[in-house]
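Novice: Counting with the numbering used here, you get residues 682 to 1274 for the letters of the first sequence. I'd like to ask you about the structure that follows.
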Amino acid sequence: MNTYRTHTCGELTKKDSGQTVILSGWINKKRDHGNLLFVDLRDNYGITQCLIDKENKFFKDLEKIQLESVIKVSGKVNERSEDTLNKELKTGEVEVLINTFEILGKCKELPMPVFSDQEYAEDIRLKYRFLDLRRKKVHQNILLRSQVISFIRSEMINLGFNEFQTPILTSSSPEGARDFLVPSRLNPGKFYALPQAPQQFKQLIMVSGFDKYFQIAPCFRDEDARADRSPGEFYQLDLEMSFVEQEDIFEVVEKLMSKLFKKFSNKKVLFDKFPKITFDNSMLKYGTDKPDLRNPLEISDITKIFKRDDVKFDIFKKLVKSGSIVRGIVTKNTKGKPRSFFDNIDKWAKDQGASGLAYFTLECEKNISAKGPVGKFFSEDSLKEIMKITNAKIGDSLFLACNKKNDVLKLLSAARDKIAEDLDIINKNTFAFCWIVDYPMFEVDEKTNKVIFSHNPFSMPQGEEKSLNFSKPLEMKAYQYDIVCNGIELSSGAIRNHKPDLMYKLFSIAGYTKEDVDNKFAGMINALSYGAPPHGGIAPGIDRIVMLLANEKNIREVTLFPMNQNAQDLMMNSPSEVNDQQLKELNLAIKKK
RNA sequence: GGGGGUGUAGCUCAGUUGGUUAGAGCGAUCGCCUGUCACGCGAUAGGUCGCGGGUUCGAGUCCCGUCACUCCCGCCA
């Protein structure tokens, strides 16, 4: 028999009454009546009420012991009387009458209470993460994460995928995020890099003939954190398949995601077949390539209206002449909204650093007119044209932004969220997945004006190789796609370019010589010349999936031992200094300031 | 690198126009209490108001600087 327990703290019911049991766990809460003491004992599985009275010789000792100490109790299971049941607890119909007890692990005075739903400062939570993790909500989140990963793993294996590990110490790659570097002792002056993703390895696995691969893969990128982005490291469901087209990948992922989200959440998954939106269309209608499709608001381009002579909105007209664009968001049937609704949104836009959002509401008494501060600048004909372009009806309002394209996109994308929030038109009880497809292969770097890869340099361009127009690289689309849920980008993926000749050509557009490519992507490019299958894949972010399922806004809430925003682990004191001997062995010297 | 928010007891917070001795709840310690499940009642301890400087007769409060945490922008193929 186990020394510490015969049952867990979530197990006992009235069927067990009369039995003598042993329980071990943490003291969640005590209620001391002086001559009668209730102790809620907690473990991973639940809470059981135990009690002891002053007749017992252990009474005084147990009365004194700190909350969160670990104790072992033995005693008889007692069925509670009707008026003392606790329906909140699984074990609420019984209690344990303590006969003996023993302290297994004492607890000092707590820096933060465990038994509380209050929110605490992040640095305390992170420093005492082991206490924080005892708290119900975080504890449940982490268990959910475990179950999600286990479910994904078994689904993937059922679908015929093989799970492989890939190296953690690998080489630095020139494209993408900043690398974490690891100095090599045996190769002085040289560095490994932690993988930003197992990108090249998974392609090599395909070239090696394994056909279907997946991994719950750790990925390392040395970039600044966000609420939905851990500093340093995160996990992807990395997968890759041979002899597939884009649609084959979509099918696998749609099935997996639908099943996963239906299993682990009560929210409704809106589409069985996820809608596909082209990148260009998404940028136009939503101002972003990660639209929240729960939000019905759409953006339209009405720049050409401001070239009409019967529109007198001179500020916008002047800006349009110098290359700015005008786009707007239509809100349905908002003519009854108070002035403050509109002004709040305008003020919000100004807080975002924009010059504001112009607005008007469409009305019709005898003629169609626009009501609002800038309404008077629009003729009836121009309003009719606006209504045609934007699908706006009488009673609807328009919010307009005029600026350089990128600034308009950014503002209106955020404005879509803000306005929808104010109007309360987002159904929070749903998951709206979509695919963003047809990404451009290349884009122009705003700072350097050079042509660069807009996403993954290993993506396959669309169209027959012979008919590709290399002189107009910016028009080239790639078999590159993102999966988005509720405005959160879960993953990028692509059909890969498995043809070395084509790859050299594409890299040369981005300014890489054949030698550069041979050097930087040695493993890949070499392998592709020895018989590579057409292949493709994707890598949905595990942390963000769990965030969505747990309904959390911050990634730390679903991460066991997270770092803070400055990429420090306050519990482990990482990163930390190392001693001179370690540095010497690595041939490193710290530059003194 | 830039912008915003926060920082007062172990924890969560209040603190008026700048005005005497900085408060509450939880927690801790001590006492009372045999049916609670956020048990109840009473008492006690606990403060460099993040830190430094300034204005002022007087600063938790106003100003400047700085640090920490956080959110956002940049960044994240």
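Using N, Cα and C, we set each Cβ at its ideal position, and we do this for glycine too.
#1: Give the secondary structure of E783 by DSSP, where H, G and I count as helix, E and B as strand, and everything else as coil.
#2: What residue range is occupied by the uninterrupted beta strand (DSSP E) comprising T1042?
#3: Have a look at K1272, L1251 and I1169 and flag the residue whose alpha-carbon is nearest the alpha-carbon of V1227.
#4: Check the C-beta distance from S1135 over to E1145 and give it rounded, since I have them as a contact under 8 Å.
#5: If you reduce the DSSP assignment to three classes, tell me which class I1075 lands in.
#6: Please classify C1045 as buried or exposed, where buried requires at least 16 neighbouring CB atoms within 10 angstroms.
#7: Under 8 Å, do H820 and L812 count as touching if we go by C-beta distance?
#8: Within the same chain, show all residues whose beta-carbon is closer than 6 Å to that of K1013, passing over the 5 residues directly before and after it, in chain order.
#9: Return helix, strand or coil for L997, following the three-state DSSP convention.
#10: Measuring only the C-alpha atoms, how far is I983 from F945?
#11: L1269: buried (16+ other C-beta within 10 angstroms of its C-beta) or exposed?
#12: Can you give the Cα-Cα distance for P792 and I1164, rounded to whole angstroms?
#13: Could you tell me which of K1195, Q884, L778 and I1075 sits nearest to G1217, measuring between CA atoms?
#14: Mind checking S1140: buried by the 16 CB within 10 Å criterion, or exposed?
#15: Measure from the alpha carbon of A878 to the alpha carbon of each residue in N1137, N1200 and S1257, then state which is nearest.
#16: State the start and end residues of the unbroken alpha helix (DSSP H) segment that holds E1102.
#17: Judging by CA-CA distance, which residue of M938, I805, E783 and E928 is the nearest neighbour of I833?
#18: Please name the residue, chosen from N759, T1042 and S1063, that lies closest to P1019 on a Cα-to-Cα basis.
#19: Once you ignore the five residues that flank A1095 on each side, which residues in its own chain have a CB closer than 7 Å to its CB?
#20: Mind checking which residues open and close the alpha helix (DSSP H) that includes Q799?
#21: Could you name each continuous alpha helix (DSSP H) segment of 4 residues or more that falls completely within the segment 1223-1249, going from the start of the chain to the end?
#22: Quick check on DSSP: helix, strand or coil for V819?
#23: Excluding the 5 residues flanking E1238 on each side, which residues of the same chain have their C-beta closer than 6 Å to its C-beta?
#24: Does DSSP put D831 in a helix, in a strand, or in coil?
#25: Do I1006 and V1089 have their C-beta atoms within less than 8 Å of each other?
#26: Would DSSP call Y1185 helix, strand or coil?
#27: List, from N- to C-terminal side, the alpha helix (DSSP H) runs of 4 residues or more that fit wholly inside the segment 689-757.
#28: Tell me T1012's beta-bridge partners as DSSP assigns them.
#29: Answer with buried or exposed for T1129, where buried requires no fewer than 16 other C-beta atoms within 10 angstroms of its C-beta.
#30: Could you give the DSSP three-state label for R810: helix, strand or coil?
#31: With distances taken between CB atoms, is the gap from E935 to F955 smaller than 8 Å?
#32: Comparing alpha-carbon positions, which option in R1177, S852, G968 and D804 lies nearest S923?
#33: Leaving out the 5 sequence neighbours to the left and right, which residues in its chain are closer than 7 Å to D909 when beta-carbon positions are compared?
#34: Is it the case that the Cβ atoms of F942 and V933 are separated by a distance below 8 Å?
#35: Using a Cβ distance threshold of 8 Å, determine whether the segment 853-863 contacts the segment 901-916, with at least three qualifying pairs required.
#36: Roughly how many whole angstroms lie between the Cα atoms of D1024 and G1037?
Specialist: According to the structure data:
#1: In this structure, E783 counts as strand in the three-state DSSP scheme.
#2: That run of the beta strand (DSSP E) goes A1039 to C1045.
#3: Checking every option, the nearest Cα to that of V1227 belongs to I1169.
#4: That pair is no contact at about 21 Å.
#5: Coil at I1075, not helix or strand.
#6: Answer is exposed; the Cβ neighbour count stays below 16.
#7: Not in contact: H820 and L812 (Cβ atoms no closer than 8 Å).
#8: So the qualifying residues of the chain are D1077.
#9: Leu is not the amino acid found at residue 997; the sequence shown has Phe there. DSSP places F997 in helix when its eight states are reduced to three.
#10: If I take the Cα positions, the gap works out to 43 Å.
#11: Exposed is the call here.
#12: Rounded to the nearest whole angstrom, the C-alpha separation of P792 and I1164 is 42 Å.
#13: When only C-alpha atoms are compared, the closest one is Q884.
#14: Buried is the call here.
#15: Nearest to A878 by alpha-carbon distance, out of N1137, N1200 and S1257, is N1137.
#16: For E1102, the enclosing alpha helix (DSSP H) has its first and last residue at K1086 to L1104.
#17: When C-alpha distances from I833 are compared across M938, I805, E783 and E928, the shortest belongs to M938.
#18: Out of N759, T1042 and S1063, T1042 has the C-alpha closest to the C-alpha of P1019.
#19: Sequence-distant partners of A1095 (beyond 5 residues in either direction) whose C-beta falls short of 7 Å from its own C-beta, in its chain, are Q1033.
#20: Careful: Q799 lies outside any alpha helix (DSSP H) and carries neither H nor E.
#21: Counting only runs of 4 or more residues that sit fully inside the segment 1223-1249, the alpha helix (DSSP H) segments are 1223-1231, in chain order.
#22: Of the three classes helix, strand and coil, the one that applies to V819 here is helix, per DSSP.
#23: Same-chain partners within the cutoff: N822.
#24: Looking at the sequence provided, one finds Ser at residue 831 rather than Asp. Three-state DSSP puts S831 in a helix.
#25: Their beta carbons are under 8 Å apart, which means I1006 touches V1089 by this criterion.
#26: Under the three-state reduction of DSSP output, Y1185 falls in the helix class.
#27: Secondary structure within the segment 689-757: the alpha helix (DSSP H) runs of 4 or more consecutive residues, fully enclosed, are 740-745 (chain order).
#28: Partner(s): S1078.
#29: In summary, T1129 is exposed, with fewer than 16 beta-carbon neighbours lying within 10 Å of its beta-carbon over all protein chains present.
#30: The three-state reading of DSSP puts R810 in helix, counting H, G and I together.
#31: It is a contact, given that the beta carbons lie within the stated cut-off.
#32: Ranking the options by Cα distance to S923, first place goes to R1177.
#33: These residues qualify, in order along the chain: I1169, R1225, M1228 and I1236.
#34: In this structure, V933 does not lie closer than 8 Å to F942 by Cβ.
#35: In short, these stretches touch, since the Cβ pair count reaches three.
#36: D1024 and G1037: Cα-Cα distance of roughly 10 Å.
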